[in-house]
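K.L.:
The sequence shown runs -9 to 304 under our numbering. Positions of the beta carbon are idealized from the N, C-alpha and C atoms, including for glycine. Attaching a single structure in structure tokens format; questions to follow.
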Amino acid sequence: MSRPPRIDLPGALHHVSLRAIERSPLFRDDADRERFLVELGRTAAERGWLVHAYALLGSSLELLLETPAPNLSDGMRALGGRYAQAFNGRHGRAGPLFDGRFRSLLVDPESAFLEAARSVALAPVRARLARAALDWRWSSAPTTAGLAERPAWLTVEATLRRLSPARPRARERFRRLVSDTRGIRPLRERAVSRVVVGSAEFARQVRLRLLAGPAPGEKPIRGAVDLARVRTAVASRFGVPEARLAHPGAHEAKVAAIWLCRRLTGLSGSEVGAAFGVRQARVSNVLGDVRTGRWRALRPALDELEKGLLAENE
């Protein structure tokens, strides 16, 4: 199965997770954790992020971020690159630190904000690093509960105001919320689609937004290219009519269109298949063939097309 696309909408709330390569330690000691938090604060200030929650674990981490501008991918590249450089330099190692790209879920701020904040707070309990969320120093939970000093880049207001307008009562309710360890499965297991956590209506609105593309005068959404643009770009690149992309058979243009739509549009395998006249299983087969090198000669064109489509979203 292909990895789900990132949905980078302005004003979006994201649950982000990042894991070290081969499940090796992402933080070897407290100095590493301190350095990561410094870089997180720096990145948040540069990109205008609102950091609502974080948890630094053994070989992974979780974040709950709000991005007023659609710059999640750009910011995570900067954050990961800076921390990896510092970590490698400090420990005399070389090579990649992270296990591929970060994973993200789009969170419904109306129906799922507290669920996401609780999930991040309970991450150390799930990882068996602490018996209780408030015992783990390297998360935002003690700060939100009023038990630790708040760094300047961490915002707790959005969490607390959802619990009570009175700060003491809100903190007490937060402590109760994260002390209940029932139902502590990872947030991704409660997603209503591959990339959305929240109500079915929220997921539907997100899907409609992606299918519609940007509104007039609005910047295109990075990582959420609309289907029509992929069709047009592929047909132009291979010199074929757009209608041919749905014709039977596996030709280069059709393979390119399926690959790029699955990577960039936010559409499911079945939706991509319907657009190009194939079943969902065939979409999966095409993705596998490209990854395993069957279409190796096509790779330069795929890279060129993807770069161009994403550049239009800048």
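What residue range is occupied by the uninterrupted beta strand (DSSP E) comprising VAL335?
P.N.:
The structure shown does not extend to residue 335, since the chain spans only -9 to 304, so no value can be given for it.
K.L.:
Taking the straight line between their C-alpha atoms, what separation do you get for GLU208 and ARG118?
P.N.:
Position 218 of the sequence shown, counted from the start, is the residue given in the question as residue 208. Position 128 of the sequence shown, counted from the start, is the residue given in the question as residue 118. Note that GLU208 scores 47 on pLDDT, short of 50, meaning its location in the model is unreliable; the coordinates nonetheless yield the value given after this. Their Cα atoms are separated by approximately 45 Å.
K.L.:
Classify ARG212: buried if its beta carbon has 16 or more other beta carbons within 10 angstroms, exposed otherwise.
P.N.:
To locate residue 212, count along the sequence shown from 1; it is residue 222. Here ARG212 scores only 46 on pLDDT, less than 50, and its place in the model is too uncertain to base an answer on.
K.L.:
Can you tell me which of the three DSSP states GLU12 falls into?
P.N.:
Walking along the sequence shown from the start, residue 12 turns up at place 22. Of the three classes helix, strand and coil, the one that applies to GLU12 here is helix, per DSSP.
K.L.:
Given a cut-off of 8 Å, decide if SER129 and PRO141 are closer than it, judged by their beta-carbon atoms.
P.N.:
The residue given as residue 141 occupies position 151 in the sequence shown. The residue given as residue 129 occupies position 139 in the sequence shown. Contact: no.
K.L.:
Quick check: what's the CA-CA separation for ALA2 versus SER94?
P.N.:
Position 12 of the sequence shown, counting from 1, holds the residue named residue 2. Position 104 of the sequence shown, counting from 1, holds the residue named residue 94. If I take the Cα positions, the gap works out to 11 Å.
K.L.:
Please give the ranges of any beta strand (DSSP E) in the region 84 to 122, keeping only runs that are unbroken, at least 3 residues long and fully inside the region.
P.N.:
Those beta strand (DSSP E) runs which fall completely within the region 84 to 122 and span 3+ residues are 93 to 97.
K.L.:
Can you give me the C-alpha to C-alpha distance between LEU299 and LEU137, rounded to a whole angstrom?
P.N.:
Within the sequence shown, the letter at position 309 stands for residue 299. Within the sequence shown, the letter at position 147 stands for residue 137. Looking at the two C-alpha atoms, the distance is approximately 47 Å.
K.L.:
Taking the alpha carbon of ALA271 as the reference point, which residue from VAL215, ARG252, ALA156 and LEU235 has its own alpha carbon closest?
P.N.:
Taking the first residue of the sequence shown as 1, we reach residue 271 at position 281. Closest by alpha carbon: ARG252.
K.L.:
Restricting to Cα atoms, I'd like to know which of ALA34, PRO58, GLU36 and PRO15 is closest to LEU46.
P.N.:
The count along the sequence shown starts at 1 and reaches residue 46 at position 56. Answer by Cα proximity: PRO15.
K.L.:
Span of the alpha helix (DSSP H) holding THR222?
P.N.:
To locate residue 222, count along the sequence shown from 1; it is residue 232. 217 to 228 is the extent of the alpha helix (DSSP H) around THR222.
K.L.:
From VAL168, ASP98 and ARG32, pick the residue whose C-alpha is nearest to that of ARG116; which is it?
P.N.:
Working through the sequence shown from its first residue, we reach residue 116 at position 126. Closest by alpha carbon: VAL168.
K.L.:
With distances taken Cα to Cα, identify the nearest neighbour of VAL97 among GLU139, ARG72 and HIS42.
P.N.:
Reading the sequence shown from its first residue, position 107 is the one you call residue 97. Out of GLU139, ARG72 and HIS42, HIS42 has the C-alpha closest to the C-alpha of VAL97.
K.L.:
Is LYS297 near the ligand SAH, in the sense that its beta carbon is under 7 Å from a heavy atom of that ligand?
P.N.:
Because no ligand of any kind appears in the structure shown, any question about the ligand SAH cannot be addressed here.
K.L.:
In the DSSP assignment, the beta strand (DSSP E) including VAL41 goes from what residue to what residue?
P.N.:
The count along the sequence shown starts at 1 and reaches residue 41 at position 51. Segment 40 to 46, the beta strand (DSSP E) holding VAL41.
K.L.:
Name the residue from SER63, GLY48 and ILE174 whose alpha carbon lies nearest to the alpha carbon of ARG127.
P.N.:
Position 137 of the sequence shown, counting from 1, holds the residue named residue 127. When each option's Cα is compared against that of ARG127, the closest is GLY48.
K.L.:
So is PRO132 buried or exposed if we call it buried at 16+ other beta carbons inside 10 Å?
P.N.:
Translated into positions along the sequence shown, residue 132 becomes position 142. It counts as buried.
K.L.:
Should LYS244 be labelled buried (16 or more other beta-carbon atoms within 10 Å of its own) or exposed?
P.N.:
Here residue 244 is taken as the residue at index 254 of the sequence shown, counted from 1. Result: buried.
K.L.:
Can the beta-carbon of VAL215 be found closer than 8 Å to that of THR255?
P.N.:
Taking the sequence shown and counting its residues from 1, one reaches residue 215 at position 225. Taking the sequence shown and counting its residues from 1, one reaches residue 255 at position 265. For VAL215 and THR255, yes; Cβs fall inside 8 Å.
K.L.:
Could you spell out where the alpha helix (DSSP H) holding GLU24 opens and where it closes?
P.N.:
Within the sequence shown, numbered from 1, the residue matching residue 24 stands at position 34. It spans 20 to 37 - the alpha helix (DSSP H) in which GLU24 sits, taken as one unbroken run.
K.L.:
Considering Cα atoms alone, identify which of SER258, PHE228, PHE103 and GLY259 is closest to LEU288.
P.N.:
In the sequence shown, counting from the first residue as 1, residue 288 sits at position 298. Answer by Cα proximity: PHE228.
K.L.:
Can you tell which of ASP89, GLY38 and GLY70 has the C-alpha that lies nearest to the C-alpha of THR57?
P.N.:
Taking the sequence shown and counting its residues from 1, the one referred to as residue 57 is at position 67. When only C-alpha atoms are compared, the closest one is GLY38.
K.L.:
Check LEU(-1) in the structure and name its three-state DSSP category.
P.N.:
As a position in the sequence shown, residue -1 is number 9, starting the count at 1. Three-state result, LEU(-1): coil.
K.L.:
Would you check if there are 3 or more beta carbon pairs closer than 8 Å linking the region 63 to 72 to the region 22 to 35?
P.N.:
Touching, yes.
K.L.:
Please tell me whether GLY267 and ALA236 are closer than 8 Å, where the distance is taken between their beta carbons.
P.N.:
Residue numbering aside, residue 267 sits at position 277 when the sequence shown is read from its first letter. Residue numbering aside, residue 236 sits at position 246 when the sequence shown is read from its first letter. Cβ distance < 8 Å, so GLY267 and ALA236 count as in contact.
K.L.:
What do you get for ALA84, buried or exposed, if any count of 16 or more other CB atoms within 10 angstroms of its CB means buried?
P.N.:
On the sequence shown, residue 84 is found 94 positions in, with the first residue counted as 1. Exposed is the call here.
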